[in-house]
Amino acid sequence: MTWSTMDITYEDLPLYLRKPNIDNISQYQLQYPRLLNITHKLDKVKSNGLPQSDYNKTLEGFDGEICNLFDFKKEGFIFLIETYGGERNYWFYLRADFDYKTNLTELKEKYDIHKLEDNISDDKDWGFVRDYPYKLYDLDE
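Under my numbering, the first residue of the sequence shown carries the number 418, and numbering increases by one thereafter.
Shown next, in the form of structure tokens:
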């Protein structure tokens with residue numbers, strides 16, 4: 418998977434955005450109507466809310482696994498990672514009938530040192546992406 422990144426200042430703090438390069442992402446909107454957010458509360462951060470460099474390097478394996486937590490063709494996919502204010506948010510779109518909790522429970526058990534919270538909601542119109550303050554993707558209107 419290839420990624421694009423953006424470094425922005427939001428409310429006087431750095432906001433790092435990372436998104437996979439997915440061609441014609443809007444073609445998946447009907448298949449993936451549920452929005453899942455997994456928040457990782459970072460343990461070691463700088464005064465600006467970004468993770469300390471050495472600590473961030475220790476997160477690479479975890480980050481790789483969470484990015485590939487779901488099977489794109491059957492379950493769901495990641496479309497955005499935000500790092501801001503001492504947290505890293507992983508955003509996914511999932512199939513309506515997919516129970517994500519098994520995958521997430523396994524991840525939480527494997528990486529039990531990390532503080533993770535999850536929240537899921539219906540977003541069949543993909544309002545999150547459409548209303549996001551920074552243009553992430555070109556969506557068909």
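We put the CB at the ideal spot given by N, CA and C, even for glycine.
Range of the contiguous alpha helix (DSSP H) that encloses residue i
| i | result |
| --- | --- |
| Y554 | That residue, Y554, is in no alpha helix (DSSP H); it is neither H nor E in DSSP. |
| L521 | K518 to K527 |
| T475 | S470 to T475 |
| R547 | G544 to D548 |
Residues near residue i in its chain [Cβ-Cβ closer than 8 Å; skip 5 each side]
| i | result |
| --- | --- |
| T419 | P437 and N438 |
Where residue i sits in the DSSP three-state scheme
| i | result |
| --- | --- |
| T500 | strand |
| D429 | coil |
| S421 | strand |
| G449 | According to the sequence displayed, residue 449 carries Tyr and not Gly. Three-state DSSP puts Y449 in coil, outside helix and strand. |
| G466 | coil |
| F489 | coil |
| F494 | strand |
Between the CA atoms of residue j and residue i - distance to the nearest angstrom
| i | j | result |
| --- | --- | --- |
| D424 | N506 | 15 Å |
| K491 | K461 | 35 Å |
| S443 | D548 | 14 Å |
| L476 | D539 | 29 Å |
| G503 | Y427 | 13 Å |
| D480 | L521 | 13 Å |
| L511 | D542 | 13 Å |
| N441 | H531 | 33 Å |
| K463 | T456 | 18 Å |
| L553 | F545 | 10 Å |
| L430 | P550 | 15 Å |
| F489 | L432 | 26 Å |
Cβ neighbours of residue i in the same chain (closer than 6 Å, five flanking residues each side left out)
| i | result |
| --- | --- |
| F487 | G493 |
| R435 | W420, T422 and I498 |
| N536 | N454 |
| F509 | L453, G493 and I495 |
Endpoints, the beta strand (DSSP E) within which residue i is located
| i | result |
| --- | --- |
| K532 | K532 to D539 |
Spatial neighbours of residue i in its chain, beta-carbon cut-off 7 Å, leaving aside the 5 residues before and after
| i | result |
| --- | --- |
| A513 | P450 and R451 |
| K525 | L533 |
| K518 | none |
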